[in-house]
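Q:
There are 4 protein chains.
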Amino acid sequence: MTVSPRSAPLGVWLIGARGAISTCLAYGVFGLRRGLLGATGVVTDGEPFCELPLASEDDLVFGGHEVSTRDLSASVGELVQAGVLPGDLAQACAEEGDLFSAATRPGILDAAEVGGQDLDPRSAELGALLPREQIARVIADWDSFEAENKLDGMVVVDLSSTEAQQEARPAWQSLAAFEEELDSGRSQPASVLYAYAALSSGRPLVNFTPNRSASIPALMELAEKKGVAHAGRDGKTGETLLKTALAPMFTHRALKVHAWQGYNMLGNRDGAVLSDSAHRATKIENKDRALRELLGDGDELHTGVGIDYVPSLGDWKTAMDLVHFEGFLGARMTLQMTWTGSDSALAAPLVLDLIRLVDFAQRAGEGGSLRATACFFKAPVSGGSHDFHQQHAKLVHWAEKHLAEG
Amino acid sequence: MTVSPRSAPLGVWLIGARGAISTCLAYGVFGLRRGLLGATGVVTDGEPFCELPLASEDDLVFGGHEVSTRDLSASVGELVQAGVLPGDLAQACAEEGDLFSAATRPGILDAAEVGGQDLDPRSAELGALLPREQIARVIADWDSFEAENKLDGMVVVDLSSTEAQQEARPAWQSLAAFEEELDSGRSQPASVLYAYAALSSGRPLVNFTPNRSASIPALMELAEKKGVAHAGRDGKTGETLLKTALAPMFTHRALKVHAWQGYNMLGNRDGAVLSDSAHRATKIENKDRALRELLGDGDELHTGVGIDYVPSLGDWKTAMDLVHFEGFLGARMTLQMTWTGSDSALAAPLVLDLIRLVDFAQRAGEGGSLRATACFFKAPVSGGSHDFHQQHAKLVHWAEKHLAEG
Amino acid sequence: MTVSPRSAPLGVWLIGARGAISTCLAYGVFGLRRGLLGATGVVTDGEPFCELPLASEDDLVFGGHEVSTRDLSASVGELVQAGVLPGDLAQACAEEGDLFSAATRPGILDAAEVGGQDLDPRSAELGALLPREQIARVIADWDSFEAENKLDGMVVVDLSSTEAQQEARPAWQSLAAFEEELDSGRSQPASVLYAYAALSSGRPLVNFTPNRSASIPALMELAEKKGVAHAGRDGKTGETLLKTALAPMFTHRALKVHAWQGYNMLGNRDGAVLSDSAHRATKIENKDRALRELLGDGDELHTGVGIDYVPSLGDWKTAMDLVHFEGFLGARMTLQMTWTGSDSALAAPLVLDLIRLVDFAQRAGEGGSLRATACFFKAPVSGGSHDFHQQHAKLVHWAEKHLAEG
Amino acid sequence: MTVSPRSAPLGVWLIGARGAISTCLAYGVFGLRRGLLGATGVVTDGEPFCELPLASEDDLVFGGHEVSTRDLSASVGELVQAGVLPGDLAQACAEEGDLFSAATRPGILDAAEVGGQDLDPRSAELGALLPREQIARVIADWDSFEAENKLDGMVVVDLSSTEAQQEARPAWQSLAAFEEELDSGRSQPASVLYAYAALSSGRPLVNFTPNRSASIPALMELAEKKGVAHAGRDGKTGETLLKTALAPMFTHRALKVHAWQGYNMLGNRDGAVLSDSAHRATKIENKDRALRELLGDGDELHTGVGIDYVPSLGDWKTAMDLVHFEGFLGARMTLQMTWTGSDSALAAPLVLDLIRLVDFAQRAGEGGSLRATACFFKAPVSGGSHDFHQQHAKLVHWAEKHLAEG
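Residue numbers (our numbering), protein chains in the order written: chain W, 1 to 406; chain X, 407 to 812; chain L, 813 to 1218; chain G, 1219 to 1624.
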């Protein structure tokens, strides 16, 4: 199926619209558009992806949901202060920032949500509604956004904070059971409500968070049924990227890893949320699972990740890893790594890639979970190996296939 | 071509027979044979390689050349002291060690060779002969070894110290020119003489050192002509392995590496030799080239490797790397790594792999440079990408092709 | 007061007699005695301490209490395996080890004690007795030990596992109230019982653990009243030593530390015990307090220590520290440190120092808490600055004062 | 002698006036004056030093010599770009910057000076004059500066690049011989000429570089004779500070350091100059000597420092250190450290401290080398222990003595 270039703008709806990643993404796109910035970190700007008729930075119009009341300018200020967002870029793009700000609506606040002295009371109200009402409100926001901006479709992107871990529910196992539960009025995690709203209204979805979102079987089924492209779960930006790029090396060399212990220090809102143990559990699970799959799940393998909130680090996450392994003759060796990176600056270009890729897939008629995007996620919803090199090869292969077809 | 399992022992001739890698290799094989040791670090003991009729540890008989007079037991003692070779393994295998020791002959000493208060005067004598005489002596040693041990072939392995860097000579560009130079009596680096001796007498060769050995065009030609399998150059054991496993991650994520600076501290004989700058140049060149190929050879990319001799570290090399890179929004990030490993324990099992692989290739009729072994080398003689994951995939593919044929 | 050299042996009673530190201490002393070992790490073997008539390694006779049933030889085996205790030293001193083993008695098992599949049922019985009975039993063990070995006094050393943290009790505030509580039969932490037993029977005490032991006001009072020398609390062996040696540098340079976050990975029994959060709290408190005192307890200073159990590391603790600080012009800088050390090999010589010092103080008539030993502890019972350099200067000053008097 | 507060401004003459340290110092003082900046990193702003009548930031007037033609604004721009100097501070203080710029004169260019595409031809001319003429020119510049700004004295500060190492000359051993050599017209290193000019004209001097400056016996003698206060040599800002703060810990604990190997990566002009081996030698010598003094100069101790130029790091020096040490039972342990700091932001406040201290000493009648400032230098000209804690205690003691007298 030949895909034509876009003739009308594409909406980008960011859930968690004033968070650090959203801010970096929006201002980054504004900067690209004004030629103030290079596309460093944007995978789809390189070969072979740039040959596909993907949405360009000029095509994108931003809106979003947000549960806190703090201003976008506060988020911008913090990122400039932290040395992540260049000050002159922020100034030059203030007007586009205001437009984005004006297109932000109160989001749904989960009961279990933490970290908020500045929560929006309207979000708490929304959080107290029945699920069917919540979904209707969300879709109404999107319909207005599309109409006002004369969009040719939109992509919904979940960039909200990590939710508290919840047991899987039986009613999540099938679409029928899930819809029955919705009808019954039982409350649902916000990420699941957003995902249902997007997929049921035919809008492609990217879940960059560790939240459930479209990963529950009921919504995987809905996406297939409706033919809506989606990709997720839990962006692979830093330490886990490193782990899944490196762990295969040990396996390929028949070196026996005894322990791979990580320790993350971070000081942004993500760090504050993760200092709550229920929220942390959601996150660590994904980090651990990838490693155990790649190294073999032997009894002798110890893996773990400690996370601590260190306020002064701000957006600059410092992740330390110790790999303790055994070689020939039983010799014990170590690899230590320290990764110091801005989480938001690492995440934002990948989100841009994913927006372009799910939009393209949707236009190319590829509904359901977009397996080719596994390299972007800690816990790809459609499974497959966690080996980053294999995952990347699959993405390249997918693009080449489309190029050959196109 | 179907390859039968071995029916007679395979000779393994180690140049640098009493060095740390040779000692670890020989005692490791003795330990495997006696069931005192697991095969950790031995790639060919895992799938799919173990399905091929490779030589087993029971098939191997060791001999070698050595230019120093120090005893094998001194080398064993140092490695036990350093915690690399387990003391009880060394004791249990003393008898096999004596046999190996008895099969060691004086090697050729290059004029430029350094680091030797304990050099063997017989090696210096050999070093002063005409090249044709040197080659004849070496081949005579091998003929005796084969005859005495009723071997069905042998593999020559270069594990000698790094030679001083030498300008490429015009006469190395073709076999004809090279043989003319041999006839003229012009002296040659020892590694080149050994390689000529091996290939011209039909013996497979592994060059695990950064030395020229069979990598010069004249000898590549000889190997093709004679149909002799060989593999080389410069074993990829530790830091460079890490680099070539990790650098593609940066490229795949469109992250811009500004600097990748390494610093190696080591305290073994290798370290002492490398503290001489002419010898160091040979080594660093290979380390740098791989990285520049993988990251793109841009003007803005800085790469370098510092090497210092720190005696107390012994065989435990400590390699520190700083990767300074740029992400989206121009954000500057770093990855620091510290690798602490026993160089010899990392190298020895790979040498065992290579012995098995070139022997198998030879028996399978695959003469010339064995391209499938690129993953084992810093500077693979037959070129190709330095991406470790791609290299490993090629090795697996090669094995699977042989299994399918077998 | 002039102190004469010892004319009869000194008993050393180790609580936690088959733990890693006790084992290293005892075998280390055996090794020193036999001339198999240098005194590296033993502070009192250097100037000016070696001029004092301290007990020599030949004077010491070992006995101890232990709550687990595992053999001393098991502990020795583990330490040899881990590369901490040299195998030949262990073999050469087996006889002395047997004597020590024979002088070990069941200790008191606290109800809250964890980590024990191999707990001694006799210890559990002892743990269930009334406190006055427990104290009597312990003293009876010591009386027998002294009599059997014709000792001229003994030092009691607490090297047991970290106890679960307990609220301070009002009855611990004075000796009278405490003795009343003992009479009433209310159970006490084992470390407190041992300390009471030692001090009330006139035996000097060293508390190398973070446990309460003699640090409660009631027992500080008892030690003063009885004139018994004691020293404690929580040996400063590795990471905290480093912190208290380094933190003053930041203060002296007017650099503003925003965060000092540590992360400890360890795999020995200590690690297993500390993986329990109640036990961990006791430990972390001391680590944090020293740092806050040295850096100023500002609101902007963040300190913390994560601890995780990584079994394969065994006795080799890996402690990572990140210091995030601000300099002139608001520039943000970092110091990262990774300390890899054998906790037991670091602790054992300090315990030897402390035994010699409290014994000497006792003979010199210096009863009560020995303030000069603050440099050995994370939480010195008599307080004072945590600055390691100031603490060390005080110890030197104390020795010089005694030398001048002697 | 009671010292009165200043009643007229103090001149500060920076040799290397447009280098990174000078720029940070000048703009930092401007920022302090305008209340835009806190005094983080300024030792003399804390107790007890702030009780002394030291020059305040309001008293200082800047001028300087410079051998390159690049603008101060270029230096400011680089430091803002690197995130060392805050952009808004630079803007706010542009006027003061212009005044400083206007008071900058061409400096003396040594024949051996490197790193300069942008060298000032007037400096090369000055470099070619006879030494007596050079000295006269320099003093004339200072006289004008003092007169124009109605200064009550000035302090000369050497902040120039590291000079190529030169053999000590016999004529440097006494003032008489040195002056004879000056008369004879033999050329001298620029740092020596500046020092002679300062001391002979009665102006206090700070040598923050590793250059010879006033450290040669002839000039030490001159300073004594003239009663001029001076302090030097080679500012102890980062890695060496860390070493001299930490090395005593190993000694105090009787731990045996086998190796202390450092590796510095830096990307500023200092790095470019140090990539020249003759210049590097000057630097490394001081780094090594301090460590060997503190750890004992045993044969078994290995120390060394590798330095490499990594352009992208700019002013952010990354210094890695590996300490390999032995504890009790022969256990081998390591401490690794990575220091990431802005060299200029670390140096600038110490230079401010030194200006205040030598000016105060001069006013207090303390001529000659100011021993109390040893804590600021890698190679204090008046010797003494390198132990940072002892050095700092001496500085405090000196201040307290003056306060008691005052």
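No residue lacks a Cβ here, since even glycine has one placed at the ideal position from N, Cα and C.
(1) Within a Cβ cutoff of 7 Å, which residues of the same chain sit near residue 33 (chain W), ignoring the five residues on either side of it in sequence?
(2) How far does the beta strand (DSSP E) with residue 259 (chain W) in it extend, from its first residue to its last?
(3) Taking only runs that begin and end inside the stretch 546 to 583 of chain X, name each unbroken beta strand (DSSP E) of 3 or more residues, in chain order.
(4) If distances are taken between C-alpha atoms only, which option among W:130, W:153, W:322 and W:93 comes closest to residue 1130 (chain L)?
(5) Comparing C-alpha positions only, which one of W:325, W:372 and W:222 sits nearest to residue 301 (chain W)?
(6) Kindly say whether residue 339 (chain W), judged by its beta-carbon, lies nearer than 8 Å to any beta-carbon of chain X.
(7) Given a cut-off of 8 Å, decide if residue 1127 (chain L) and residue 304 (chain W) are closer than it, judged by their beta-carbon atoms.
(8) For residue 1148 (chain L), go through chain W and note every residue whose CB falls closer than 7 Å to its CB, in chain order.
(9) Note down the Cα distance separating residue 527 (chain X) from residue 536 (chain X), rounded to an integer number of angstroms.
(10) Taking all protein chains shown into account, do 16 or more other C-beta atoms lie within 10 angstroms of the C-beta of residue 803 (chain X), making it buried, or fewer, making it exposed?
(11) Could you check which residue in G:1291, G:1284 and G:1387 has the C-alpha nearest to that of residue 1341 (chain G)?
(12) Roughly how far, in whole angstroms, is the beta-carbon of residue 1045 (chain L) from the beta-carbon of residue 1193 (chain L), given that I think they are within contact range, below 8 Å?
(13) For residue 306 (chain W), which residues of its own chain have a beta-carbon under 6 Å away from its beta-carbon, when the five flanking residues on both sides are left out?
(14) Decide yes or no for the touch test of the stretch 234 to 250 of chain W against the stretch 187 to 196 of chain W: beta carbon pairs closer than 8 Å, at least 3 of them.
(15) Looking at the secondary structure, which residues open and close the alpha helix (DSSP H) in which residue 1338 (chain G) lies?
(16) Among the residues of its own chain, which have a CB less than 6 Å from the CB of residue 875 (chain L), if the five just before and after it don't count?
(17) Are residue 565 (chain X) and residue 761 (chain X) touching if we call contact CB-CB under 8 Å?
(18) Going by C-alpha to C-alpha distance, which of W:175, W:11, W:255 and W:84 sits closest to residue 332 (chain W)?
(19) From the DSSP output, in three-state form, read off residue 636 (chain X) for me.
(20) What does a CB cutoff of less than 6 Å around residue 1449 (chain G) pick up in its chain, not counting 5 residues either side in sequence?
(21) Suppose the cutoff is 7 Å on Cβ atoms and the five residues either side in sequence are ignored; what does the same chain contact list for residue 1102 (chain L) look like?
(22) Out of curiosity, what's the CA-to-CA distance linking residue 892 (chain L) and residue 899 (chain L)?
(23) Report the CB separation of residue 426 (chain X) from residue 750 (chain X) in whole angstroms; it is logged as a contact under 8 Å.
(24) Against chain X, does residue 41 (chain W) count as a neighbour if the rule is that its beta carbon must be under 8 Å from one of theirs?
(25) Return the residue from the list L:835, L:1110, L:852 and L:1007 that minimises the CA-CA distance to residue 886 (chain L).
(26) On the CB-based measure, 16 or more other CB atoms within 10 Å of its CB, does residue 1359 (chain G) come out buried or exposed?
(27) Just to confirm, are residue 61 (chain W) and residue 149 (chain W) a CB contact at a threshold of 8 Å?
(28) Apart from the five residues on each side of it in sequence, which residues of its chain come closer than 6 Å, Cβ to Cβ, to residue 1255 (chain G)?
(29) Among X:601, X:726, X:654 and X:579, whose alpha-carbon lies nearest the alpha-carbon of residue 541 (chain X)?
(30) Listed in chain order, which residues of the stretch 703 to 728 of chain X have Cβ atoms closer than 7 Å to some Cβ of chain G?
(31) For residue 72 (chain W) and residue 229 (chain W), I'd like the C-alpha separation in whole angstroms.
(32) Check whether the Cβ atoms of residue 560 (chain X) and residue 771 (chain X) sit closer than 8 Å, and answer yes or no.
(33) Leaving aside the five residues before and after residue 335 (chain W) along the sequence, list all residues of the same chain whose C-beta is less than 6 Å from its C-beta, in chain order.
(34) Using 8 Å as the limit for Cβ to Cβ distance, is residue 1547 (chain G) near chain L?
(35) Can you have a look at residue 955 (chain L) and say buried or exposed, based on whether 16 or more other CB atoms are within 10 angstroms of its CB?
(36) Let's test the definition: count the other Cβ atoms within 10 Å of the Cβ of residue 979 (chain L) and tell me whether it reaches 16, buried, or not, exposed.
A: Reading it off the structure:
(1) Position 33 of the first sequence, counting from 1, holds the residue named residue 33 (chain W). Hits under 7 Å: 57 and 58.
(2) Translated into positions along the first sequence, residue 259 (chain W) becomes position 259. Where residue 259 (chain W) is concerned, the enclosing beta strand (DSSP E) stretches over 256 to 266.
(3) 560 to 564
(4) As a first step, residue 1130 (chain L) is located in the third sequence; it is residue number 318 there, counting from the start. Nearest of W:130, W:153, W:322 and W:93 to residue 1130 (chain L), Cα basis: W:322.
(5) The sequence position of residue 301 (chain W) within the first sequence is 301, counting from 1. Answer by Cα proximity: W:325.
(6) Within the first sequence, residue 339 (chain W) is the residue found at index 339, counting from 1. True, the Cβ-Cβ gap to chain X drops below 8 Å.
(7) Against the first sequence, residue 304 (chain W) aligns to sequence position 304. Against the third sequence, residue 1127 (chain L) aligns to sequence position 315. No; because the gap between Cβ atoms is not below 8 Å, this pair is not in contact.
(8) Within the third sequence, the letter at position 336 stands for residue 1148 (chain L). The answer, in chain order, is 338.
(9) As a first step, residue 527 (chain X) must be located in the second sequence, where it is residue number 121. As a first step, residue 536 (chain X) must be located in the second sequence, where it is residue number 130. In a straight line, the C-alpha of residue 527 (chain X) is about 17 Å away from that of residue 536 (chain X).
(10) Counted from its first residue, the second sequence places residue 803 (chain X) at position 397. It counts as exposed.
(11) Your numbering for residue 1341 (chain G) matches position 123 in the fourth sequence. Of the listed residues, the one whose Cα sits closest to residue 1341 (chain G) is G:1284.
(12) Position 233 of the third sequence, counting from 1, holds the residue named residue 1045 (chain L). Position 381 of the third sequence, counting from 1, holds the residue named residue 1193 (chain L). That pair is a contact at about 5 Å.
(13) As a first step, residue 306 (chain W) must be located in the first sequence, where it is residue number 306. Excluding positions up to five away in sequence, the list reads 263.
(14) no
(15) If you number the fourth sequence from 1, residue 1338 (chain G) lands on position 120. Looking at the DSSP string, residue 1338 (chain G) is not in any alpha helix (DSSP H), and its letter there is neither H nor E.
(16) To locate residue 875 (chain L), count along the third sequence from 1; it is residue 63. Excluding residues within five positions, the ones whose Cβ falls inside 6 Å are 825, 915 and 957.
(17) If you number the second sequence from 1, residue 565 (chain X) lands on position 159. If you number the second sequence from 1, residue 761 (chain X) lands on position 355. No, these two residues do not count as a Cβ contact at 8 Å.
(18) Looking up residue 332 (chain W) in the first sequence gives position 332. Out of W:175, W:11, W:255 and W:84, W:255 has the C-alpha closest to the C-alpha of residue 332 (chain W).
(19) Position 230 of the second sequence, counted from the start, is the residue given in the question as residue 636 (chain X). Three-state DSSP puts residue 636 (chain X) in a strand.
(20) For this step, residue 1449 (chain G) is matched to residue 231 along the fourth sequence. Hits under 6 Å: 1424, 1572, 1576, 1588 and 1591.
(21) Here residue 1102 (chain L) is taken as the residue at index 290 of the third sequence, counted from 1. The residues are 1052, 1055, 1056, 1190 and 1198.
(22) Taking the third sequence and counting its residues from 1, one reaches residue 892 (chain L) at position 80. Taking the third sequence and counting its residues from 1, one reaches residue 899 (chain L) at position 87. Spanning the two alpha carbons is a distance of roughly 5 Å.
(23) Mapped onto the second sequence, residue 426 (chain X) falls at position 20. Mapped onto the second sequence, residue 750 (chain X) falls at position 344. Yes, residue 426 (chain X) and residue 750 (chain X) are in contact; Cβ-Cβ is about 4 Å, under 8 Å.
(24) Position 41 of the first sequence holds residue 41 (chain W). At least one chain X Cβ lies under 8 Å of residue 41 (chain W).
(25) Position 74 of the third sequence, counted from the first residue, corresponds to residue 886 (chain L). Residue 886 (chain L) has its Cα closest to that of L:835, out of L:835, L:1110, L:852 and L:1007.
(26) Taking the first residue of the fourth sequence as 1, we reach residue 1359 (chain G) at position 141. When all chains shown are included, residue 1359 (chain G) counts as buried.
(27) Within the first sequence, numbered from 1, the residue matching residue 61 (chain W) stands at position 61. Within the first sequence, numbered from 1, the residue matching residue 149 (chain W) stands at position 149. It is a contact, given that the beta carbons lie within the stated cut-off.
(28) One-based indexing of the fourth sequence puts residue 1255 (chain G) at position 37. Same-chain partners within the cutoff: 1249.
(29) If you number the second sequence from 1, residue 541 (chain X) lands on position 135. Measuring from the Cα of residue 541 (chain X), the nearest candidate turns out to be X:601.
(30) 708, 710, 712, 714, 716, 717, 718, 719, 724, 726 and 728
(31) Mapped onto the first sequence, residue 72 (chain W) falls at position 72. Mapped onto the first sequence, residue 229 (chain W) falls at position 229. The straight-line gap from Cα to Cα measures roughly 29 Å.
(32) By 1-based counting over the second sequence, the position of residue 560 (chain X) is 154. By 1-based counting over the second sequence, the position of residue 771 (chain X) is 365. Contact flag unset, no.
(33) Looking up residue 335 (chain W) in the first sequence gives position 335. So the qualifying residues of the chain are 323.
(34) Here residue 1547 (chain G) is taken as the residue at index 329 of the fourth sequence, counted from 1. It does; some Cβ of chain L falls within 8 Å.
(35) Looking up residue 955 (chain L) in the third sequence gives position 143. Classification for residue 955 (chain L): exposed.
(36) Along the third sequence, one-based indexing puts residue 979 (chain L) at 167. It is exposed - the Cβ of residue 979 (chain L) has fewer than 16 other Cβ atoms within 10 Å.
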